[in-house]
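Accompanying notes for the structure given below.
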Amino acid sequence: MNRIGVFGANGRMGLALLEAVTNNKNSQLTGAYVRASSPLLGMAVKQLNSAVAEELTFSDEAEINNIDILIDFTLPAGMRAHLKTAVAHKIPMVIGSTGLNKDDMHALQQAATQIPIVFARNYSVGVNVLLNLVQTAATKLGEDVDIEIFEAHHRHKIDAPSGTALAIGEAIADAKGWQHDNVARFQRHQDEQAKSQNEIGYSVLRGGDIVGEHTAYFATSGERLELTHKASSRMTFALGAIRAAGWLKNKPAGLYDMQDVLDLK
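Numbering-wise (the numbering used here), the sequence shown opens with residue 45 and increments by one.
What follows is the structure, encoded as structure tokens:
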């Protein structure tokens, strides 16, 4: 039985994680962490999520105990602080934070020399299968192909393009032997030339309550291949994170991803 603590437990994703842990027969929810300034401290978690056991209350994210695995889907600033806490307590982490910069990734890599960490931009099983499919398409369709990635999310999502869209682009770039940062194009409004076939274009939609949609387009003369994943519930990502937590227990220190968890490499 994995004893699991969730950072950012009062957020939209945090609440989904609390429910997923509670409903998993191999997991026990033993920590629901919020910031020290939160008015929710000491409140019964059940008041926000009826699936959770009566006795569990929201607690300070600095007070970690009785935990085997920590799960963190918070914003980058929160993730950085939580990473230090996990390393100090030698507790493995499952991290789904997006919008991380190079310094954040360096901090992850350094922490992974001391504790095992699963980091993925998307914990959906379907998305991780998609990452394999786009690599196949990128290598089989040849050089005469235009590659574009479109993603759509709810209006509250801050980072753009999404971490998942970037993961799709990085998978394609890796298959093509490109350096992603050199071929990624995020805007063309001032371009006065035709699109290059040695680039990956990104476009973004933000609106309403869209959970997450991603499409990779491979367009050639006379045909177009579209590989699409649509998520209808955050529970999809939460269940993937719980699966990753179960896989991570007792693993040696290192930085892993969902491709490792699903044995897709």
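Here a beta-carbon is modelled for each residue, glycine too, at the ideal position from N, C-alpha and C. In this text the structure is predicted, and so the values were computed from the model without any measurement.
Asked                                                                                                          : Found
Presumed contact (8 Å Cβ cut-off) between G256 and R199, rounded CB distance                                   : 13 Å between Cβ atoms; not a contact.
Proximity below 8 Å, CB of L339 to CB of L100                                                                  : With the chain covering only 45 through 309, there is no way to say anything about residue 339.
Runs of beta strand (DSSP E) lying entirely within the region 68-148, each at least 3 residues, in chain order : 71-78, 102-104, 113-116 and 137-139
Buried or exposed (CB count within 10 angstroms, at least 16 for buried), G140                                 : buried
T157 (DSSP reduced to helix, strand or coil)                                                                   : coil
Validate contact between the region 207-221 and the region 281-300 using beta carbons, cut 8 Å, 3 pairs        : no
Per DSSP, the bridge partner or partners of V227                                                               : Paired residues: none, contrary to the question.
Completely contained alpha helix (DSSP H) runs for the region 201-225, where each covers 4 or more residues    : 207-220
Enclosing alpha helix (DSSP H) for G284 [first to last residue]                                                : M279 to L292
Residue burial classification, I202 (beta-carbon count within 10 angstroms, cutoff 16)                         : exposed
Coarse secondary structure for V189, derived from DSSP in three states                                         : coil
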